[in-house]
Structure formats: C-alpha cells, structure tokens
Amino acid sequence: MERNPETNRKPKIFSTRSLTLMAALIAIQIILARFFSIQTDTLRLSFEIIPVILAGMWMGPVCGAIVAVTADILGTIIQGYGAWFPPLVLGPLSTGILSGLSTKYIFRSSLAETRDTWKVAVTVFTVSVLSTFVFGLIGSTLYSIIMKGNTTALHVLLWTNFLQRLLTKPPIIIINMVIVTVVNRAVYKPVVSRIMSHA
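Mapping to this note's numbering: the sequence shown position 144 is 145, numbers consecutive.
Take a look at the structure:
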C-alpha cells in the first residue's frame with residue numbers, strides 16, 4: 002500500500018514555522034481554558050482540548066505534548082493560580098501525545114482528505130474519552146485532595162468525579178469532534194500543510 006508522502010516527512014519541531022504554529026495553538030488553548038470555561042474542584046467544562054488535539058494531529062506527539070504543557074503552565078501563571086500542579090496536565094498531555102501517535106502510527110494519514118474525516122472523528126473521540134475518564138479524572142482528583150484539602154476517601158472521590166464527568170462530558174466530546182473535524186477540513190490542507198512542508 003502506498004503511503005502518503007506527507008506521513009513520511011519529518012518537519013523540524015523547533016523550526017520558526019513550527020514554533021509559530023505551536024505558539025498560535027497555545028494562545029488559543031489559553032483563551033479557551035482560562036476565559037471560556039467553567040471550573041469546580043473536580044470538574045472543568047471547556048473546549049480547551051481542541052488546540053491540543055490539532056497540535057498532535059498536525060505536528061506529531063512531541064509538539065502536541067509541548068503545546069499541552071506550555072499552555073497549562075502559562076495559563077496557570079496568567080490566571081494567578083499560584084503553584085503549578087503537574088498532575089492536572091495529565092489530561093491535556095495525554096491528548097496531545099495520543100492524537101499525534103494515532104495519526105502517525107495507527108491511521109498513517111495527513112488527515113487532509115475528505116475520506117479521512119472519519120479518522121479525525123475517531124481520533125478525537127478516543128483521545129477525549131481517555132483524557133476525560135482516565136488521565137484527567139486522576140489529575141483532577143489528586144488536585145482536589147492535595148491542593149484543596151478534600152478529605153473524602155480516594156475511591157469515593159474518584160467515583161463521584163467519574164459520575165459528574167459521565168453526566169456532563171459526553172456532549173462536549175461530541176462538540177469537540179464536530180469542531181475539530183470542521184477546522185481540520187478548512188485549515189489543514191490550505192494552511193497547515195504548507196506551513197509544515199517548509200518547516
């Protein structure tokens with residue numbers, strides 16, 4: 002089977018074009034996470050995962066991870082939360098890495114063509130579920146216990162947090178699937194692929 006040439010190309014992660022694209026995605030993530038989200042001790046409702054997914058799909062797992070961690074640290078500083086709590090980045094970090102790995106090694110596609118739309122949707126759904134109900138669940142539960150001083154037993158808090166997410170997160174995951182698919186179709190081929198081809 003002939004592979005798409007774009008999947009064999011290895012753009013430089015720290016080229017000027019790559020860094021510019023990552024910076025733009027980081028800025029979008031911070032805006033979505035810090036100014037267009039609802040936050041409680043154990044639950045966060047926002048669309049901040051979208052730029053991280055796009056970073057992973059477009060630029061690979063390393064860039065996805067860089068965007069996730071950098072945006073989380075900068076967002077913490079900008080918002081004035083004080084100390085950065087590393088476990089909270091487990092969700093977005095896993096999203097960036099898994100998005101990149103699935104695109105590079107599982108689907109083996111640039112995700113640029115109409116026929117690849119289903120691959121984008123499957124990628125977003127899979128990484129969103131893992132991020133929300135595994136990595137993000139662990140991170141937010143640890144935050145509640147360590148930083149907020151919640152004395153509820155760990156297994157009880159995990160279960161409560163899981164149920165809250167089960168009731169509120171599925172619609173957000175569906176919306177994320179639609180937005181990422183639309184944005185990828187609109188932006189990747191005419192803009193991103195050209196940027197990365199010169200990176």
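Ideal Cβ positions, reconstructed from N, Cα and C, are used throughout, including at glycine.
No experiment lies behind these values; they were computed from the predicted model shown.
Residue burial classification, residue i (beta-carbon count within 10 angstroms, cutoff 16)
i	result
PHE15	exposed
TYR106	exposed
SER198	exposed
PRO171	exposed
THR182	buried
PRO93	buried
PRO191	exposed
ALA66	buried
MET2	Per-residue confidence for MET2 stands at a pLDDT of 41, beneath the threshold of 50, marking its modelled position as unreliable; the derived number appears in the next sentence. Exposed, since its Cβ has fewer than 16 Cβ neighbours within 10 Å.
Cβ-based neighbour list, residue i, same chain, cut-off 6 Å, excluding 5 preceding and 5 following
i	result
PHE108	LYS120
ILE39	LEU46
THR17	none
PRO213	Lying before the first or after the last residue shown, residue 213 is absent from the chain, which here runs from 2 to 200.
ALA187	none
ASN9	The predicted position of ASN9 is uncertain, since its pLDDT is 46 and thus under 50; a value taken from the coordinates is nonetheless stated next. Correct list: empty, nothing qualifies.
Proximity below 9 Å, CB of residue i to CB of residue j
i	j	result
LEU158	SER145	yes
ILE173	LEU46	yes
SER129	ILE74	no
PHE48	ASN185	no
VAL193	LEU20	no
Other residues of its chain near residue i: CB distance less than 7 Å, five sequence neighbours each side excluded
i	result
LEU203	Here the chain comprises residues numbered 2 to 200, so residue 203 is not present and cannot be evaluated.
ARG4	Confidence in ARG4 is poor, its pLDDT being 46 and thus under 50, which makes the residue's placement too unreliable to answer from.
PHE86	TYR144, MET148
ALA84	none
ALA122	MET178, THR182
VAL70	VAL90, LEU94
ILE175	none
ILE1	Because the chain spans 2 through 200 in this model, residue 1 falls outside it and cannot be assessed.
Close Cβ partners of residue i (< 8 Å) along its chain, the five nearest in sequence each way excluded
i	result
PRO52	LEU26, ILE27, ILE29, GLN30, LEU33, VAL68, ALA72
LEU155	THR142, ILE146
THR127	LEU99, SER103
ARG35	GLY76, ILE79, GLN80
PRO62	GLY97, ILE98, LEU99, SER100, GLY101, LEU102, LYS105
ILE180	PHE48, ILE51
Cβ-Cβ separation, residue j to residue i (assumed contact under 8 Å), whole Å
i	j	result
THR133	ARG166	6 Å
TYR189	LEU112	6 Å
- Task: Could you tell me whether the segment 147-157 touches the segment 99-110, where touching means 3 or more Cβ pairs closer than 8 Å?
- Result: no
- Message: For the structure I just gave you, are there three or more beta carbon pairs, one from the segment 77-91 and one from the segment 56-63, closer than 8 Å?
- Response: no
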